[in-house]
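Peer 1:
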DNA sequence: ATTTATAATGTTGTCTGACAAATCCATCAG
DNA sequence: CTGATGGATTTGTCAGACAACATTATAAAT
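Chains as they are written, first to last, in the working numbering: chain A, 1 to 251; chain B, 252 to 502.
Listed below in C-alpha cells is the structure:
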C-alpha cells in the first residue's frame, strides 16, 4: 500500500533507502537544522505513505551515519555536528600493510608539524612538551611508552589547528598501536631505539617552538622514515593479528 | 521476553546495539569470514532470544558500517573487504574551511606524488598522461575541466600504490569540487589560472616520469600552495553552500 | 541421461497492530 | 511560584503475516 502522499521516492530500490536519502538531503541542505527534532516516526510514515518499520530502518541508517540521534520517549534529533561516514578498509596486520599506514602517517604528520610550527599557541606548545616529558617518564619506569608516544604525536596534530589531521591520525593510530608496541618489545634493540626516538622528537619540538616550518617538516619526515626502518628491524613474526580492542567499532 | 539462550548481552543499552557489537566482534576476529553467509534473521533472533526487529536493526548497523551486505531472498553476507566507518564532520563551505581541506590535500598529494615517482608502473604513468591530456582538451572546448583535474590527481594517487591515499582523497574531493569550480568560473582570471595549472601539472608529471621523488614532492607542494593562492583570489561570496550531489551519502 | 520448465521452500523486505519504557507537558496542591 | 502527579506522546521491542525475490528440488521433455 504505497500511496506516496507527499513525495514519491523513485521506485526500484529499497524503500527505507529512498526515505533515508530524502531525509539526508534535507539535513545536508540545512532544511532541517542541527538540534531540530524531526517528525515522529508515525508522521513520517504518513507523509511518505510507508509503514513505521520502514521509517525506523531509514532513521536507523541516519543514526548510523551520525546524522541524527534518537532518544526513547522524546524523539529523533538532527545531530549537532552532522557527519558523513568515510568507509575505510580495515588494514591487515602484515608488515607490508603496516608500512602503507606509516606512509600515510608520514604524509599527515609532516604537514601537521609544519602547520604546528606556523600557528601553535603557547598552551599547545606546553602540551607538546608535557607529552614529551611523559614519554621520558614512562621509559624510565620501564614501560614501552607507546600510549605516551601517540599522545605526543596527537598533541602536534592538535597544534596544527586543523581537525582533519587529528581525526585521521586518531583513526589510523588504532591500527598502528600494535605494530609500534612490537618494535619496542624487541629487548635487544629497545634501548638504542628509544634513545633515537627521544632525540628525534626533541628536534621536532625545537623546530615547532622556534616556528621554523621547514625544519619541523623535515624533522617529522626523518622521524617517520626512521620509524619505518626500526619497524623493519623487528622480527616480523611478531606482527600478528591486530588485537580487537572492541573500541574500534562505530557504535 | 529476553531469555538469552546462548549469549547474554550486557543489559542496559539498546538491544540491537549489543547484538551488533557481538556480530561485529565475530567478523573482526575472523570467526566469520568474508563472503560467508550469516545465520538467518530468525535464527539470530532465536539464538539471542530477541525479536526479528531487533536483529534487523543490528544487521542494519553492520550494513551501514560496510561489514555485511544483504540480498533479499538470499541472506546477509560478510562483506568481502570489511571496513570500519570513520565519521567525519561535514566541512562547511567557508573559505577558511576550504583552506583547511587544501592543507590536508597538500599533505596527501605531496606524499602521493613522491611515492608515485618511486613506484609508478608504466601503465599508471600512461594513465596520468592521458588524464593530463583530458584537461587540455576540456579547456580548449571551454569547459572548466574540474572533473578532469580531479581525475588527474586521482591517477597520481593511484600510482602511489597505497589505497589509503586514494580513499581519503576521493572522500574529500567531493567537498572541494565546488570550491575549485568557483575559482575557475572567475572569468577574468580563468585563462591565466588555467595556464598556470597546466604548467604546474606538467612539472609534476615530468618528475614522476623520471622517478625523481624529491622533485615530484616539491612540485606537488608548489601546486597546492598556488591552488590556495588562486582560491583566495576568487570572490569569496561565490563560496556558498556545497551543492548536494546526492552521491555523498554512505548508502 | 541431460536439459529445461515448474513447483516447493527459504530468506529478506514491508505491513500491521500491540505493548513497554522513557520522556514531556499540563494540571493541580501546597 | 514550586513541586508532584497523572496522562499523553514517542521511541524501543515484540509478534505474526504477507510480498518479493532467490535457491533448490522435482518433474517433464527431448
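The beta-carbon is built from N, C-alpha and C at its ideal position, and this holds for glycine as well.
#1: Taking only the alpha-carbon atoms, compute the straight-line gap between residue 326/B and residue 307/B and give it to the nearest angstrom.
#2: In the structure shown, what three-state DSSP assignment does residue 44/A receive?
#3: Near residue 204/A, what residues of its chain come up, given a Cβ to Cβ distance below 8 Å and the 5 sequence neighbours on each side ignored?
#4: Mind listing, in chain order, the continuous alpha helix (DSSP H) runs of no fewer than 4 residues lying wholly within the region 407-467 of chain B?
#5: Starting from the beta carbon of residue 422/B, find every residue of chain A whose beta carbon is closer than 7 Å, and list them in chain order.
#6: Within the 8 Å Cβ cut-off, does residue 285/B reach chain A?
#7: What residues from the region 70-86 of chain A come within 7 Å of chain B, judged by C-beta to C-beta, listed N to C?
#8: At the level of alpha carbons, what is the spacing between residue 161/A and residue 148/A?
#9: Taking a contact to mean a Cβ-Cβ separation below 8 Å, would you say residue 85/A touches residue 65/A in this structure?
#10: Would residue 444/B count as contacting chain A if we go by Cβ distances under 8 Å?
#11: Pick helix, strand or coil for residue 302/B, following the three-state DSSP scheme.
#12: Would you check if the distance between the CB atom of residue 305/B and the CB atom of residue 319/B is smaller than 8 Å?
#13: For residue 164/A versus residue 351/B, is the C-beta spacing smaller than 8 Å?
#14: Hey, how far is the Cα of residue 292/B from the Cα of residue 97/A?
#15: Name the DSSP beta bridge partners of residue 280/B, please?
#16: Residue 106/A touches chain B at which residues, Cβ-Cβ below 9 Å?
#17: Going by Cα to Cα distance, which pick from 483/B, 375/B, 361/B, 323/B is closest to residue 409/B?
#18: Between residue 62/A and residue 26/A, how many whole angstroms is the CB-CB distance? I'm expecting something under 8 Å.
#19: By DSSP, does residue 472/B sit in helix, in strand, or in coil?
#20: For residue 79/A, name the three-state secondary structure that DSSP assigns.
#21: If residue 136/A and residue 181/A are in contact, beta carbons under 8 Å, what's the gap, nearest whole angstrom?
#22: Just the chain A side, please: which residues come within less than 7 Å of residue 351/B by C-beta, in chain order?
#23: Using a 10 Å radius around the Cβ and a threshold of 16 neighbouring Cβ atoms, would you call residue 60/A buried or exposed?
#24: Residue 92/A to residue 359/B, Cα distance in whole Å?
#25: Please confirm whether residue 419/B has its beta-carbon closer than 8 Å to some beta-carbon of chain A.
#26: On the three-state DSSP scale, how would you describe residue 110/A?
#27: Please decide whether residue 341/B counts as near chain A, where near means a Cβ-Cβ distance under 8 Å.
#28: Taking a Cβ distance cut-off of 9 Å, strictly less, list which residues of the region 41-66 of chain A are near chain B, in chain order.
#29: In the DSSP output, what is residue 339/B paired with across the bridge?
#30: Can you list, in chain order, the residues of its chain whose CB lies under 6 Å from that of residue 390/B, leaving out five sequence neighbours each side?
#31: Exposed or buried, which one is residue 461/B when buried takes at least 16 other CB atoms within 10 Å?
#32: Between residue 12/A and the rest of its own chain, which residues show a CB-CB distance below 8 Å, the 5 nearest in sequence each way excluded?
#33: Which residues of chain B have a Cβ atom closer than 8 Å to the Cβ of residue 115/A, listed in chain order?
#34: Can you give me the start and stop residues for the alpha helix (DSSP H) that residue 392/B sits inside?
#35: Give a yes or no on whether the C-beta atoms belonging to residue 354/B and residue 285/B are separated by under 8 Å.
#36: Can you find the residues in the same chain that come closer than 6 Å, C-beta to C-beta, to residue 173/A, ignoring five residues on each side of it along the sequence?
Peer 2: On the basis of the supplied data:
#1: 12 Å
#2: helix
#3: 113, 156, 216, 219, 220, 223
#4: 414-435, 438-461
#5: 86
#6: no
#7: 81, 82, 83, 84, 85, 86
#8: 20 Å
#9: yes
#10: no
#11: coil
#12: no
#13: yes
#14: 35 Å
#15: Per DSSP, none; premise fails for residue 280/B.
#16: 362
#17: 375/B
#18: Not a contact, Cβ separation roughly 10 Å.
#19: helix
#20: coil
#21: Incorrect: roughly 18 Å between the Cβ atoms, too far for contact.
#22: 162, 164
#23: buried
#24: 21 Å
#25: yes
#26: helix
#27: yes
#28: 53, 56, 57, 60, 61, 63, 64, 65, 66
#29: 84/A
#30: 396, 445
#31: exposed
#32: Confidence in residue 12/A is poor, its pLDDT being 49 and thus under 50, which makes the residue's placement unreliable; the coordinate value appears in the next sentence. None.
#33: 354
#34: 373-392
#35: no
#36: 150
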